[in-house]
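Here the structure comes first, spelled out in structure tokens, and everything after it is commentary.
Numbering (our numbering), first residue to last: 167 to 353.
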């Protein structure tokens, strides 16, 4: 039971800002964005306007935000894959709880560093797996738990997506080459 909303920093913008931001706008008694970090001024200002974030809590870089001291309990990280590991490590090091989208990082070394930093911190580190809440996935999970399939000892899930989703979620930034595809399953 929450007595007050969790104050959050949002790191990066774009379409994901709308998804993450919608929750805080719909449930202001649970979550409130009090700072935003985004190199793109237009996205940063749009997010700040939607969430009534003060001008002095709008940052172009995480380094700028972290230099101000701790200003929220947690951070939501939707930064580009190339920036995500450093962002997570910086936030954990500054004492923030972190909720991040996946993949956590582009290398096993960075994933290990994040895991070690999370263990050393007093806070929480969580990766957001949006398909957990997809109606199809929830239905399959309910069916498995109901016993309709008998005793399930293994499951292989193939996520078929259309071209628009592939372009948006799976083939952006450094993951737009065939050589990078094995990394997608790593984290």
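Just so it is clear, CB atoms sit at the ideal spot from N, CA and C, and this is done for glycine as well.
Just so you know, these numbers come straight off a predicted model, no measurement behind them.
Taking a 10 Å sphere around the C-beta of residue 253, we find 16 or more other C-beta atoms and assign the residue as buried.
Here DSSP, grouped into helix, strand and coil, assigns residue 318 to coil.
Minimum Cα-Cα distance from residue 170 among the listed residues 196, 202 and 207 corresponds to 196. Each residue's CA atom was taken as its position, placing residue 234 and residue 193 some 27 Å apart. Here residue 291 carries a strand assignment [DSSP, helix/strand/coil]. In this structure the segment 242–253 touches the segment 270–282; the number of beta carbon pairs closer than 8 Å is three or more. The beta carbon of residue 257 sits closer than 6 Å to those of 241 and 264, all from its chain and outside the five residues before and after it, given in chain order.
Per DSSP, reduced to three states, the secondary structure at residue 219 is coil, with no helix or strand assignment.
259 is the residue among 172, 303 and 259 whose C-alpha sits nearest the C-alpha of residue 285.
For residue 240, the enclosing beta strand (DSSP E) stretches over residues 240–243.
Bridge pairing for residue 198: 173 [DSSP]. Ranked by Cα distance from residue 216, the first of 200, 313 and 229 is 200. The three-state secondary structure of residue 267, taken from DSSP, is strand. Put simply, the backbone Cα of residue 289 is about 9 Å away from that of residue 239.
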